[in-house]
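Position 134, counted from 1, in the sequence shown is what our numbering calls 139; the numbers after and before it change by one each time, with no gaps. Please read the structure below before turning to the comments.
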Amino acid sequence: MTVACLVHHDSTVNALKKSTNRERSSDAFLEGMVAGARAHWYPTLVRLREAKDPRPKSWTALSGAWKGLGPLLGLDAKQERLRHAEEARSGCSWRNCPRRGQTVTGDRPAVKKCAGCGETRYCSRECQSRDWKQGGHKARCKRVKN
């Protein structure tokens with residue numbers, strides 16, 4: 006995503022939120038933006054903060070625009086950090102896993118991170134394979150993009 010595109014999304018979201026005559030499609034768009042942001046905004050913010058030099062010249066603009074997008078969508082960095090930490094402890098990323106959302110305890114195997122992105126977690130090879138093939142993780146994982 007380019008800096009200009011990100012800034013455009015910021016202004017679009019801002020305009021939609023301020024609009025008093027919103028239609029259902031606008032609400033659906035905002036809900037989709039928030040859902041996507043809840044999954045990806047904070048982990049990306051962390052990666053932007055941790056990136057090593059040398060950084061491209063557009064880095065400051067990109068980082069600032071990304072940081073501003075979260076609050077615009079109602080997300081708080083501290084709350085998202087806590088939520089992501091809890092999700093990391095509470096199980097599998099495969100949306101159809103019967104154990105998803107259950108806290109990992111001694112009688113269940115530990116949740117393992119994806120080796121490619123380090124963000125998604127799985128309780129089994131079966132869930133990892135299903136998320137890769139059916140859940141869209143293959144398209145999002147940085148291992149494939151590099």
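Just so it is clear, CB atoms sit at the ideal spot from N, CA and C, and this is done for glycine as well. From a predicted model like this one, the values you see are computed outputs, not experimental measurements.
Residue i, DSSP secondary structure in three states
i, result
"Arg43", "helix"
"Arg126", "strand"
"Lys117", "strand"
"Pro103", "coil"
"Leu74", "helix"
"Leu80", "coil"
"Asp58", "coil"
"Gln133", "helix"
"Gly69", "helix"
"Gly37", "helix"
"Ser31", "helix"
Counted within 10 angstroms of its Cβ, other Cβ atoms place residue i as buried (16 or more) or exposed
i, result
"Leu78", "buried"
"Thr65", "exposed"
"His45", "exposed"
"Gly41", "exposed"
"Leu50", "buried"
Beta-carbon proximity list for residue i, same chain, < 6 angstroms, skipping 5 on both sides
i, result
"Ala82", "none"
Residues near residue i in its chain [Cβ-Cβ closer than 7 angstroms; skip 5 each side]
i, result
"Val116", "Gly96, Cys97, Val109, Arg126, Tyr127, Cys128"
Own chain residues within Cβ distance below 8 angstroms of residue i, not counting five before or after
i, result
"Pro48", "His89, Glu124"
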